[in-house]
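Undergrad: Below: one structure in structure tokens.
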Amino acid sequence: MALIDANNFYAACEQSFDPSLLGRPVVVLSNNDGCIVARNPEARALGICMGTPYFRIRQKLERLKVVVRSSNYALYGDMSQRLMRSLESHCEELEIYSIDEAFVRLSRPCDFNLRDWACRLRSLVYRNLGLPIAVGFGANKSQAKLANYLAKVVPANAGIFNFLTLSDREKRELLENVAVEELWGVGPKLARWCRSRGVCTARQFRDMSSGQLLSKYGVVGLRLQSELRGVVCWPIAKTAAPKKETCVSRSFGQPITSLEDLQQAIATYVVRAGEKLRRQRQLAGALTVFIRTSAFSSPFYSESATVQFHMPSNDTGVLLTASIPLVKKIFRPCCRFTKAGVLMHHLQGAEHLQQSLLLESTLEDQKRRERLMTAIDRLNGRYGRGTIGWAVCGTESDSTWSMRRDQLSRAFTTCLDDVPIVMA
DNA sequence: TCTGGGGTCCTAGGACCC
DNA sequence: TCTGGGGTCCTAGGACCC
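FYI, my numbering numbers position 238 of the first sequence as 297, with every residue one higher than the one before it.
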């Protein structure tokens, strides 16, 4: 099994389409230009940390001449698809784990040279997409994750590391040099608990008492430990499990104080959520709206309201009708709202819809609405989002709340007007 | 002034059943 | 004095991931 991921994925995507950034420090910001979420090695070398709020570090970045980019998910999402397609054609099974990484399974003879295979794959991906990748081999997901980490942090490994070929003694020595918090699945809480018991390295974690781990961290901790010992606890999932919930939420570019603006923002998120549901071929059984003020200033206010549907739906009209009264219900005047969102839950496959005895709409009505939604999705897909909009969302130009993206690069791969032009 | 977004899994505890 | 046993389902909250 192998874990393959792109190094500094967002920053690498930016550099791939703007060669003038090569060799320069680059950081990418989260939505709303909030925090640093990606850094290339040059930026890392300057001591810029992940998660730092942008406003705190802005002047330093300017002084150090660091290139700053807003998140461009149209670009990263499309580059991700290209990367996954490329990986898929070189292995037997692929599980997409996140936007920039995948677990893969290879069936090769025992004497097959995995390193050569990984080398060729790295060159190919770099040539076609301009993205550097790292490849880690292990007996299971946790080991592959660890191998991938070592492929990246040890320069001599040059982006490839194989845990499978190590002897027991070599494994032991290697794990002795990995801090416990670097293990996949060990977060800050568990790491603190481990360290307080003198378990500071991956080797000590692997060899610690399973009973202690079970009592503190349940079966999840135990599985992680078993995988480090070589057992497979999390097999590769070839097909993605259907989602159980889907959320659309954003921080606002400026705080919202009026009910009208808040309703407009929520309506915009509901429309996005409807699109997601239809793309996933799912229906929502319930919808929650949540709003909140800044967690960094008082008084803090956070509230949510939920509605259950008589009949699960992914019809934007139904979702909007249900959500707007909820906003009114939880809105408080004099609050400066900084974030809101909608959560779709009790999701079920669109193909198994239980009809309701209580609803007046006929099956024919529902079919007509489905065709309407499909038509809207197609038009927006073909001519750009917002080609067919919903009046309740307002327009982009009159929204004061849409998120800040002051340093957005272009949609190089998904918008014809933004395709780079190379002068011969 | 300004601090991301979108998920999953697990467990404990409450409500309820017979 | 003593107040059952065994189960399901749901939700909230915690922890983790990228």
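Note that the Cβ used here is the ideal one computed from N, Cα and C, for glycine as well.
Among the residues of its own chain, which have a CB less than 8 Å from the CB of residue 466, if the five just before and after it don't count?
TA: In the first sequence, residue 466 corresponds to position 407, counting from 1. Cβ within range, chain order: 88, 92, 127, 128 and 129.
Undergrad: Hey, could you find the ends of the beta strand (DSSP E) residue 77 is sitting in?
TA: Locating residue 77 in the first sequence gives position 18, counting from the first residue. First-last for residue 77: undefined, no H or E at that position.
Undergrad: Pop quiz: residue 446 and residue 137 are said to be a contact at Cβ under 8 Å. What is the actual Cβ separation, rounded to whole angstroms?
TA: Translated into positions along the first sequence, residue 446 becomes position 387. Translated into positions along the first sequence, residue 137 becomes position 78. Their Cβ separation, rounded to whole angstroms, is 19 Å, which puts residue 446 and residue 137 out of contact at 8 Å.
Undergrad: Mind checking which residues open and close the beta strand (DSSP E) that includes residue 414?
TA: On the first sequence, residue 414 is found 355 positions in, with the first residue counted as 1. First-last for residue 414: undefined, no H or E at that position.
Undergrad: Where does residue 360 sit, in a helix, a strand or coil, going by DSSP?
TA: Looking up residue 360 in the first sequence gives position 301. Three-state result, residue 360: coil.
Undergrad: Keeping to the same chain, check which residues put their C-beta closer than 8 Å to that of residue 275; ignore five residues upstream and five downstream.
TA: Locating residue 275 in the first sequence gives position 216, counting from the first residue. Result list for residue 275: 249 and 252, in chain order.
Undergrad: Assign residue 152 to one of three DSSP states: helix, strand, or coil.
TA: Translated into the one-based positions of the first sequence, residue 152 becomes position 93. Note: residue 152 maps to strand in three-state DSSP.
Undergrad: Could you give the distance in angstroms between the alpha-carbon of residue 232 and the alpha-carbon of residue 290?
TA: As a first step, residue 232 must be located in the first sequence, where it is residue number 173. As a first step, residue 290 must be located in the first sequence, where it is residue number 231. One C-alpha to the other measures close to 20 Å.
Undergrad: I need the straight-line Cα distance from residue 198 to residue 288, nearest angstrom please.
TA: By 1-based counting over the first sequence, the position of residue 198 is 139. By 1-based counting over the first sequence, the position of residue 288 is 229. If I take the Cα positions, the gap works out to 10 Å.
Undergrad: If you reduce the DSSP assignment to three classes, tell me which class residue 422 lands in.
TA: Within the first sequence, numbered from 1, the residue matching residue 422 stands at position 363. If DSSP states are grouped into helix, strand and coil, residue 422 belongs with the helices.
Undergrad: Keeping to the same chain, check which residues put their C-beta closer than 8 Å to that of residue 147; ignore five residues upstream and five downstream.
TA: On the first sequence, position 88 is the one that residue 147 refers to. Counting only Cβ-Cβ distances below 8 Å, and skipping sequence neighbours, we find 153.
Undergrad: Return yes when the Cβ of residue 333 is within less than 9 Å of the Cβ of residue 432, no when it is not.
TA: As a first step, residue 432 must be located in the first sequence, where it is residue number 373. As a first step, residue 333 must be located in the first sequence, where it is residue number 274. In contact: residue 432 and residue 333 (Cβ atoms closer than 9 Å).
Undergrad: Have a look at residue 316 and residue 392 and give me their C-alpha separation to the nearest angstrom.
TA: In the first sequence, the residue the question calls residue 316 occupies position 257. In the first sequence, the residue the question calls residue 392 occupies position 333. For residue 316 and residue 392, the distance between alpha carbons rounds to 7 Å.
Undergrad: Kindly give me the distance between the Cβ atoms of residue 201 and residue 286, rounded to whole angstroms, as I take these residues to be in contact under 8 Å.
TA: Here residue 201 refers to the residue found at position 142 of the first sequence. Here residue 286 refers to the residue found at position 227 of the first sequence. Indeed, because the Cβ distance is near 4 Å, the residues count as touching under 8 Å.
Undergrad: With H, G and I counted as helix, E and B as strand and the rest as coil, what does DSSP make of residue 397?
TA: Position 338 of the first sequence, counted from the first residue, corresponds to residue 397. The answer is strand: DSSP assigns residue 397 an E or B state.
Undergrad: Between the C-alpha atoms of residue 13 and residue 141, what's the straight-line distance to the nearest angstrom?
TA: Residue 13 cannot be examined here, being either before or after the span of the chain that is shown, 60 to 483.
Undergrad: Which of helix, strand or coil does DSSP assign to residue 256?
TA: Here residue 256 refers to the residue found at position 197 of the first sequence. Reduced to three states, the DSSP call for residue 256 is coil.
Undergrad: For the alpha helix (DSSP H) that residue 92 lies in, which residues bound it at each end?
TA: Position 33 of the first sequence holds residue 92. Segment: none, residue 92 is in no alpha helix (DSSP H) and carries neither H nor E.
Undergrad: Can you tell me where the beta strand (DSSP E) with residue 306 in it begins and where it stops?
TA: Stepping through the first sequence from its first residue, residue 306 is reached at position 247. Segment 305-315, the beta strand (DSSP E) holding residue 306.
Undergrad: Just to confirm, does residue 140 get its C-beta within under 8 Å of one of the non-hydrogen atoms of the ligand ATP?
TA: What this structure holds is no ligand at all, so the ligand ATP is not there to describe.
Undergrad: Can you round the beta-carbon distance between residue 382 and residue 325 to whole angstroms, since I take them to be within the 8 Å contact cut?
TA: Taking the first sequence and counting its residues from 1, the one referred to as residue 382 is at position 323. Taking the first sequence and counting its residues from 1, the one referred to as residue 325 is at position 266. With 8 Å as the limit, residue 382 and residue 325 qualify as a contact, their Cβ atoms being about 6 Å apart.
Undergrad: Go to residue 383, then tell me how far its alpha helix (DSSP H) extends in each direction, as first and last residue.
TA: Taking the first sequence and counting its residues from 1, the one referred to as residue 383 is at position 324. Note, residue 383: alpha helix (DSSP H), 375-389.
Undergrad: Can you tell me which of the three DSSP states residue 365 falls into?
TA: Residue numbering aside, residue 365 sits at position 306 when the first sequence is read from its first letter. Here residue 365 sits in strand by DSSP.
Undergrad: Taking the CB atoms as reference points, tell me whether residue 6 and residue 314 lie closer together than 9 Å.
TA: Residue numbering for the chain in the displayed model covers 60 to 483; residue 6 lies beyond these limits and cannot be assessed.
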